[in-house]
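**Q** Oh and the sequence shown: position 100 is 99 in numbering that gives the first Met the number 0, straight run, nothing missing.
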Amino acid sequence: MKRWLLPVALVGALLDSGAASGQVLLGSLELEAEWSATGLRGDSLDHPMGIAVTASGNVLVADGTAQIVVYADDGTPLDQWPLPHGTRPVGLVERPDGSIVVTDYTGDRLLLLGDDGDLLATWGERGTGAGQFQAPSGVAITAGGNLIVVEFMGQRVQELDAHGDFVRFIDGGESARLHAEKRAGVSGMEGMNMPMPMTATPGDPHGLFAFPTDVAVGPDGTLYVSNTHHYEILVFEPDGDLREAWGSKGPGAGEWEVPVGLVTDASGNLFVADSANFRVQGLDPTGRVLLVSRADERWYRSTRRIYSPADVAIDSAGRLYVADFAASRVQRFSKRAAEGS
Numbered sequence: 000m001k002r003w004l005l006p007v008a009l010v011g012a013l014l015d016s017g018a019a020s021g022q023v024l025l026g027s028l029e030l031e032a033e034w035s036a037t038g039l040r041g042d043s044l045d046h047p048m049g050i051a052v053t054a055s056g057n058v059l060v061a062d063g064t065a066q067i068v069v070y071a072d073d074g075t076p077l078d079q080w081p082l083p084h085g086t087r088p089v090g091l092v093e094r095p096d097g098s099i100v101v102t103d104y105t106g107d108r109l110l111l112l113g114d115d116g117d118l119l120a121t122w123g124e125r126g127t128g129a130g131q132f133q134a135p136s137g138v139a140i141t142a143g144g145n146l147i148v149v150e151f152m153g154q155r156v157q158e159l160d161a162h163g164d165f166v167r168f169i170d171g172g173e174s175a176r177l178h179a180e181k182r183a184g185v186s187g188m189e190g191m192n193m194p195m196p197m198t199a200t201p202g203d204p205h206g207l208f209a210f211p212t213d214v215a216v217g218p219d220g221t222l223y224v225s226n227t228h229h230y231e232i233l234v235f236e237p238d239g240d241l242r243e244a245w246g247s248k249g250p251g252a253g254e255w256e257v258p259v260g261l262v263t264d265a266s267g268n269l270f271v272a273d274s275a276n277f278r279v280q281g282l283d284p285t286g287r288v289l290l291v292s293r294a295d296e297r298w299y300r301s302t303r304r305i306y307s308p309a310d311v312a313i314d315s316a317g318r319l320y321v322a323d324f325a326a327s328r329v330q331r332f333s334k335r336a337a338e339g340s
């Protein structure tokens, strides 16, 4: 059976969506650097899906050629870590000991890499049980060192301990049931031809998730999940109860067209790769939109419909990095406040 890759969702939405004009910018981004070459073997990035910044300031990019590419913060290539044949790396996160956890979307597993890129362990296999995966995409780490893993095709979120063992499903509790019951249906999936999960799965008893993509953990333990094809950001208490949902389908500030990659900064602000709106949005911990960056930027005007942010990362200086899936490159931005703010 043919396995669909996560980029199908991005590309399909890009083909069907257009950037709206007249967006009011609440804040924006200033392009500082961009790069696409790996530099070590004379090749280039190939539709990168994930990005992370390590404690040392290196930039890790999950590339479509089954490798992790390591850069300095200015884009200087430092290393390339080949992954097992057939791997499709999507999400990645650094652990406190410097090891790296990578989601293997096509292999239905997690990869544990050393800080030199050596493969130390694999966790999970394809299935619907606890600790098994269907197309894991996003991964984040809690203050206690546990992993939060989002399954795009499994349509659920799991928490694992530091050894890769199952802890619990993040299903939202009773508040998730109430939200799912009152939430309006979303049109537009009919033309996507997206396969459904193998079977009904545990972990989402209320039908909360619709092909979720990524997860971020705030400084206070709040969990954020991009519920991609319900066009919303789900906000969970640290205990797993659903607190609220932000946004709906649309081009306005605080609305979404295929929200995918997420990251939080030291202040608890959330940044979202709003892929099919061709932009990045920033929100404060209450959901108030702080930053919308798109149509008036030089980097957007020059790329237009080949710009598709797939993931975002923040470094210790607060600079934002974007993995651009469509243009196969990485961009680094500084944040710019809106005039008069």
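The beta-carbon is built from N, C-alpha and C at its ideal position, and this holds for glycine as well.
Looking at C-beta atoms only, is the number of pairs between the region 80 to 87 and the region 123 to 131 that lie closer than 8 Å three or more?
**A** no
**Q** Specify, as a first and last residue, the run of the alpha helix (DSSP H) that Arg176 falls within.
**A** Per DSSP, the continuous alpha helix (DSSP H) segment holding Arg176 begins and ends at Gly172 to Lys181.
**Q** Which value, in whole angstroms, describes the spacing of the CA atoms of Pro258 and Ala252?
**A** 13 Å
**Q** Measuring only the C-alpha atoms, how far is Asp170 from Ala36?
**A** About 40 Å.
**Q** Over what stretch of residues does the beta strand (DSSP E) that includes Asp323 continue unbroken?
**A** Leu319 to Asp323
**Q** Are the region 110 to 122 and the region 134 to 143 touching, with three or more C-beta to C-beta distances below 8 Å?
**A** no
**Q** Along the beta strand (DSSP E) that carries Leu111, what are the first and last residues, could you check?
**A** Segment Arg108 to Leu112, the beta strand (DSSP E) holding Leu111.
**Q** When you compare only the Cα positions, how much space is there between Phe324 and Arg242?
**A** 31 Å
**Q** Measuring alpha carbon to alpha carbon, tell me which of Glu231, Pro237 and Phe235 ends up nearest Gly246.
**A** Glu231
**Q** In the DSSP output, what is Ile169 paired with across the bridge?
**A** According to DSSP, which records beta bridges pairwise, Ile169 is partnered with nothing at all.
**Q** Going along the chain, which residues of its own chain have a beta-carbon closer than 8 Å to the beta-carbon of Gly267, five neighbours each way excluded?
**A** Excluding residues within five positions, the ones whose Cβ falls inside 8 Å are Gly217, Pro218, Asp219, Thr221, Asp283 and Pro284.
**Q** Where does His162 land, buried or exposed, given buried means 16+ other C-beta within 10 angstroms?
**A** exposed
**Q** Could you check what DSSP says for Asn57 in three-state terms: helix, strand or coil?
**A** coil
**Q** Report buried or exposed for Thr75, applying the criterion of at least 16 other Cβ atoms within 10 angstroms of its Cβ.
**A** Exposed.
**Q** My output table needs one value for Ala347: the three-state DSSP class, helix, strand or coil.
**A** The structure shown does not extend to residue 347, since the chain spans only 0 to 340, so no value can be given for it.
**Q** Could you tell me the alpha carbon to alpha carbon distance between Ile147 and Phe168, rounded to whole angstroms?
**A** 9 Å
**Q** Compute the beta-carbon to beta-carbon distance between Ala316 and Ala51, rounded to the nearest angstrom, for a pair I have assumed lies under 8 Å.
**A** Ala316 to Ala51, Cβ: 15 Å. No contact.
**Q** Taking all protein chains shown into account, decide if Met152 is buried (16 or more other Cβ within 10 angstroms of its Cβ) or exposed.
**A** Around the Cβ of Met152, a 10 Å sphere holds 16 or more other Cβ atoms; the residue is buried.
**Q** Going by C-alpha distance, which of Trp34, Gly202, Glu254 and Asp238 is nearest Ser225?
**A** Glu254
**Q** If distances are taken between C-alpha atoms only, which option among Val214, Phe132 and Leu233 comes closest to His178?
**A** Taking each of Val214, Phe132 and Leu233 in turn and checking the Cα distance to His178, the smallest one comes out for Leu233.
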